[in-house]
Structure formats: C-alpha cells, structure tokens
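*Asks:*
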Amino acid sequence: MKKARIIYNPTSGREAMKKALPDVLIRLEQAGYEASAHATTGEGCAADAAALACERQFDLIIAAGGDGTVNEVVDGMAKQPYRPKLGIIPMGTTNDFARALKVPRDVEQAMDIIIDGQAKKLDIGKVNGHHFMNIAGGGKITELTYEVPSKLKTALGQLAYYLKGVEMLPSIRPTHARIEYDGEVFEGDMMLFLVANTNSIGGFEKLAPNAELNDGYFDLLILKSTNIAEFVMLANKALKGNHIHDDNIIYTHAKKVTVEAEEDVQVNLDGEYGGKLPGTFENLYQHIEFLLPKD
Numbered sequence: 001m002k003k004a005r006i007i008y009n010p011t012s013g014r015e016a017m018k019k020a021l022p023d024v025l026i027r028l029e030q031a032g033y034e035a036s037a038h039a040t041t042g043e044g045c046a047a048d049a050a051a052l053a054c055e056r057q058f059d060l061i062i063a064a065g066g067d068g069t070v071n072e073v074v075d076g077m078a079k080q081p082y083r084p085k086l087g088i089i090p091m092g093t094t095n096d097f098a099r100a101l102k103v104p105r106d107v108e109q110a111m112d113i114i115i116d117g118q119a120k121k122l123d124i125g126k127v128n129g130h131h132f133m134n135i136a137g138g139g140k141i142t143e144l145t146y147e148v149p150s151k152l153k154t155a156l157g158q159l160a161y162y163l164k165g166v167e168m169l170p171s172i173r174p175t176h177a178r179i180e181y182d183g184e185v186f187e188g189d190m191m192l193f194l195v196a197n198t199n200s201i202g203g204f205e206k207l208a209p210n211a212e213l214n215d216g217y218f219d220l221l222i223l224k225s226t227n228i229a230e231f232v233m234l235a236n237k238a239l240k241g242n243h244i245h246d247d248n249i250i251y252t253h254a255k256k257v258t259v260e261a262e263e264d265v266q267v268n269l270d271g272e273y274g275g276k277l278p279g280t281f282e283n284l285y286q287h288i289e290f291l292l293p294k295d
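In terms of the UniProt record's numbering, the sequence shown is residues 1 to 295.
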C-alpha cells in the first residue's frame, strides 16, 4: 500500500487544517494511501518531518500551511536522494506558490488535485545551504514580510503586509550592492533584488511576468535607487506587469546569481528570514515533483 504523510501547520489559516484533517485522511485512504499526519511545533519542524518522510520512502508528502511551511518541507526534501511527490494544501496568508501552481485554497479542491492531478518536476532554488521554491530576495523593502507579527497575519491576512509597508516606506533607504548574474554585473544602489521562480510574489501576480517553473532559469529583478514618488508609481505599474520596462528596473533571466552588499542585508526566502548576504542563488533544475492541476 502507498504511504502518504501530511505535514501541517496547526496555526495557519485560523487553524483550519485542524478541522479539515479527518476528512483529508479519509480522502487519502479512499485513494489507496496509508495516511498519517504530523503537526509542526516550531521553526525547522516541517523540514525535519519532510526529511524523515523521504528517508522512510513515503510515496507522497502533503504540505498544508502557508508559504513558510511549504518552504520548510521543500528544504527538508531537497537534500534527500529519494524525494516523494509533493502536494500542497494552501492555508497561509498570501499562498504565493500555491497561486502560481493554480492550487485553490479550498481544501476539497486542493485534495482533488493531489489525488487526481498530474505530477510534474519543477525547479527550486538554493542559497547558502537553504532552499526556496518561489522567491528569494533582499533589501529593506523585503524585510517587511517577516516583521509582520504572526498574530496580525492571522487576523488581517494580506492586509497586514500592506499596513506594514505603508509604515516602513518613509524610512526605506537604498543599499549599495554588487550583483553578478550569468556573466553580467550590476554594481550600485538598489532598493531590492528578487530572484524569482514563479510569477506570484507578495500578492502580485505579474511582478516576474515571464517566470517559468521548469526552465532551469530564475527571473532576476533589481529595483535601483528610487524616491517615494517613483516607488509608488512603479508599484502601480507592477499590478499590470508594466514595471519591467521602467529605467529603474533591471529584469532578466539567470541560472546563477551572486549578491554582495556593503551593509547587513537580510535574505528573504519565500517570505521568511533566510540569513544574510553575501549569497549565491543557484537554480536546481526540475528537482522536485509537484502535484498540479491537469490543465
């Protein structure tokens, strides 16, 4: 009999997975799986649980939670020689990666994809020993994602990020950086850089409009030094994907990106703290097999 392991964040989505868990287990057993579940208890727990599921040769891992939970599961799986198929039940605030994969927030519909969808190998990224599936970045603007308290995220959802952004905007200052990407170099002041694997970032679905999930390339976006008025204008352009043609933006493809900065810059991996620069971001081509909608 096939084995499935659910790794879920019990606090995500107003604790919705706790209520849905019995039905999810039943669906899996009806589909021919011997199913079990692991509730995460803190940082690193989901990664450890995913690594153990790989070692025990599970056929399927399901990550139920927000982007942070999925990131940990991917990180735990990525280092293993055997990696099961990975399904996602989105339970977080923004669910950027699930949105990019067209996996709905509805638990029943997400389970339909896990049981009846298609398996496809997708790229992930690696930097300084950590992995990410959606986005890596740095700069003062990106730091707002992990400065939002978890209770505020649970209560207000994506609005919490916008509120924090408005609060931080007047104090954001550029950082002098050197960014090397596939033989090209940018050196100068920047507001942020993003190494994107999908088009869905921070609730924006066109921030990296040309991103593909299985082509072996990242979409690299660098925002040069701008004033508040220019930044607000660019944010409006980003809603339609028109920002990539702006003179303040560098937007290109790259398999490998190395970033150094003159000051401390925190790295953001899928919305969570990922250490500090310097860092070399490498694309791991079609490294994990995800369960996706058939269409």
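Glycine included, each C-beta is placed from N, C-alpha and C at the ideal position.
No experiment lies behind these values; they were computed from the predicted model shown.
Alpha carbon to alpha carbon, how far is Ser225 from His131?
*Replies:* The sequence position of residue 225 within the sequence shown is 225, counting from 1. The sequence position of residue 131 within the sequence shown is 131, counting from 1. Each residue's Cα considered, the two are about 28 Å apart.
*Asks:* Which runs of the beta strand (DSSP E) spanning at least 3 residues fall entirely within the segment 205-252, listed in chain order?
*Replies:* Within the segment 205-252, the complete beta strand (DSSP E) runs of at least 3 residues are 218-224.
*Asks:* Between which two residues does the alpha helix (DSSP H) harbouring Phe97 extend?
*Replies:* Along the sequence shown, read from residue 1 onward, the residue named residue 97 stands at position 97. Where Phe97 is concerned, the enclosing alpha helix (DSSP H) stretches over 96-100.
*Asks:* Mind checking which residues open and close the alpha helix (DSSP H) that includes Val103?
*Replies:* As a working mapping, residue 103 is identified with position 103 in the sequence shown. Where Val103 is concerned, there is no enclosing alpha helix (DSSP H), given that its DSSP letter is neither H nor E.
*Asks:* Which residue comes first and which comes last in the beta strand (DSSP E) that contains Ala4?
*Replies:* Along the sequence shown, read from residue 1 onward, the residue named residue 4 stands at position 4. Residues 2-8.
*Asks:* I need the boundaries of the beta strand (DSSP E) containing Thr11, first residue and last residue.
*Replies:* Working through the sequence shown from its first residue, we reach residue 11 at position 11. From DSSP, Thr11 is part of no beta strand (DSSP E); its letter is neither H nor E.
*Asks:* Just the C-alpha distance for Met190 and Ala254, rounded to the nearest angstrom, thanks.
*Replies:* Here residue 190 corresponds to residue number 190 of the sequence shown, with the count starting at 1. Here residue 254 corresponds to residue number 254 of the sequence shown, with the count starting at 1. C-alpha separation (whole angstroms): 18 Å.
*Asks:* Just list the beta strand (DSSP E) runs in the segment 255-280, keeping only unbroken ones of 3 residues or longer that don't cross its boundaries, in chain order.
*Replies:* Fully enclosed beta strand (DSSP E) runs of 3 or longer: 256-261, 266-269, 272-276.
*Asks:* Looking at Phe218 and Gly125, is the spacing between their C-beta atoms short of 8 Å?
*Replies:* Along the sequence shown, read from residue 1 onward, the residue named residue 125 stands at position 125. Along the sequence shown, read from residue 1 onward, the residue named residue 218 stands at position 218. The answer is yes: Cβ separation under 8 Å.
*Asks:* Do the segment 83-103 and the segment 56-72 touch if we need at least three Cβ pairs shorter than 8 Å?
*Replies:* Taking 8 Å as the limit for Cβ pairs, the verdict is that the segment 56-72 does touch the segment 83-103.
*Asks:* Quick one: what does DSSP say Pro22 is sitting in, helix, strand or coil?
*Replies:* As a position in the sequence shown, residue 22 is number 22, starting the count at 1. Helix.
*Asks:* Grouping DSSP H, G and I as helix and E and B as strand, with all else coil, what is Ala196?
*Replies:* Reading the sequence shown from its first residue, position 196 is the one you call residue 196. Here Ala196 sits in strand by DSSP.
*Asks:* Give me whichever residues DSSP pairs with Ile135 in a beta bridge.
*Replies:* Taking the first residue of the sequence shown as position 1, residue 135 is located at position 135. Bridge partners of Ile135: Ala196.
*Asks:* In whole angstroms, give me the CA-to-CA distance for Val103 and Glu55.
*Replies:* Position 103 of the sequence shown, counting from 1, holds the residue named residue 103. Position 55 of the sequence shown, counting from 1, holds the residue named residue 55. Going from the Cα of Val103 to the Cα of Glu55 covers about 27 Å.
*Asks:* So the alpha helix (DSSP H) Asp123 belongs to, where does it begin and stop?
*Replies:* Locating residue 123 in the sequence shown gives position 123, counting from the first residue. It is not in any alpha helix (DSSP H) - Asp123 instead sits in the beta strand (DSSP E) that spans 118-127.
*Asks:* Compare the beta carbon distance of Val127 and Thr280 with 8 Å and say whether it is the shorter of the two.
*Replies:* Within the sequence shown, the letter at position 127 stands for residue 127. Within the sequence shown, the letter at position 280 stands for residue 280. The answer is yes: Cβ separation under 8 Å.
*Asks:* Measure the C-alpha to C-alpha separation of Thr94 and Ala110 and round it to an integer number of angstroms.
*Replies:* Here residue 94 refers to the residue found at position 94 of the sequence shown. Here residue 110 refers to the residue found at position 110 of the sequence shown. Approximately 16 Å, taken between the alpha carbons.
*Asks:* If you drop the 5 nearest sequence neighbours on each side, which residues of the same chain put their C-beta closer than 6 Å to that of Gly76?
*Replies:* By 1-based counting over the sequence shown, the position of residue 76 is 76. Cβ neighbours of Gly76 beyond the five flanking positions: Ala47, Ala50, Ala51.
*Asks:* What's the call for Arg173, buried or exposed, on a 16-neighbour Cβ count within 10 Å?
*Replies:* One-based indexing of the sequence shown puts residue 173 at position 173. That one is exposed.
*Asks:* In the DSSP assignment, find the unbroken beta strand (DSSP E) run with Ala47 in it and report its ends.
*Replies:* Mapped onto the sequence shown, residue 47 falls at position 47. Not the beta strand (DSSP E): Ala47 falls in the alpha helix (DSSP H), residues 45-55.
*Asks:* What distance in whole Å lies between the Cβ atoms of Gly241 and Pro209, which are believed to be in contact at a cut-off of 8 Å?
*Replies:* By 1-based counting over the sequence shown, the position of residue 209 is 209. By 1-based counting over the sequence shown, the position of residue 241 is 241. That belief holds up - the Cβ atoms of Pro209 and Gly241 are roughly 4 Å apart, short of 8 Å.
*Asks:* Using the rule of at least 16 other Cβ atoms within 10 Å of the residue's Cβ for burial, across every protein chain shown, is Gly13 buried or exposed?
*Replies:* Here the question's residue 13 lines up with position 13 in the sequence shown. Result: buried.
*Asks:* Leaving out the 5 sequence neighbours to the left and right, which residues in its chain are closer than 6 Å to Tyr251 when beta-carbon positions are compared?
*Replies:* On the sequence shown, position 251 is the one that residue 251 refers to. Closer than 6 Å at the Cβ level, and outside the excluded window around Tyr251, lie Leu221, Ile244.
*Asks:* With which residues is Gly65 paired in a DSSP beta bridge?
*Replies:* Here residue 65 refers to the residue found at position 65 of the sequence shown. According to DSSP, which records beta bridges pairwise, Gly65 is partnered with Pro90.
*Asks:* Starting from Ile179, trace the beta strand (DSSP E) both ways and give me its first and last residue.
*Replies:* For the purposes of this step, residue 179 is identified with residue 179 of the sequence shown, where counting begins at 1. It spans 175-181 - the beta strand (DSSP E) in which Ile179 sits, taken as one unbroken run.
*Asks:* If you follow the beta strand (DSSP E) that Glu34 is in, where does it begin and where does it stop?
*Replies:* Residue mapping note: residue 34 aligns to position 34 of the sequence shown, counting from 1. Where Glu34 is concerned, the enclosing beta strand (DSSP E) stretches over 33-39.
*Asks:* Roughly how many angstroms separate the alpha carbons of His176 and Lys140, rounded to a whole number?
*Replies:* Indexing the sequence shown from 1 puts residue 176 at position 176. Indexing the sequence shown from 1 puts residue 140 at position 140. Distance between the alpha carbons of His176 and Lys140: 12 Å.
*Asks:* Smallest Cα separation from Glu260: which of Ile6, Asn134, Gly44, Arg178?
*Replies:* Residue mapping note: residue 260 aligns to position 260 of the sequence shown, counting from 1. Here the closest residue by C-alpha is Arg178.
*Asks:* In the DSSP assignment, what residue or residues form a beta bridge with residue 377?
*Replies:* Residue 377 lies beyond the stretch modelled for the chain, which goes from 1 to 295, so this question has no answer here.
*Asks:* I'd like to check one pair, Gly216 with Asp123: are the Cβ atoms closer than 8 Å?
*Replies:* Position 123 of the sequence shown holds residue 123. Position 216 of the sequence shown holds residue 216. Cβ distance < 8 Å, so Asp123 and Gly216 count as in contact.
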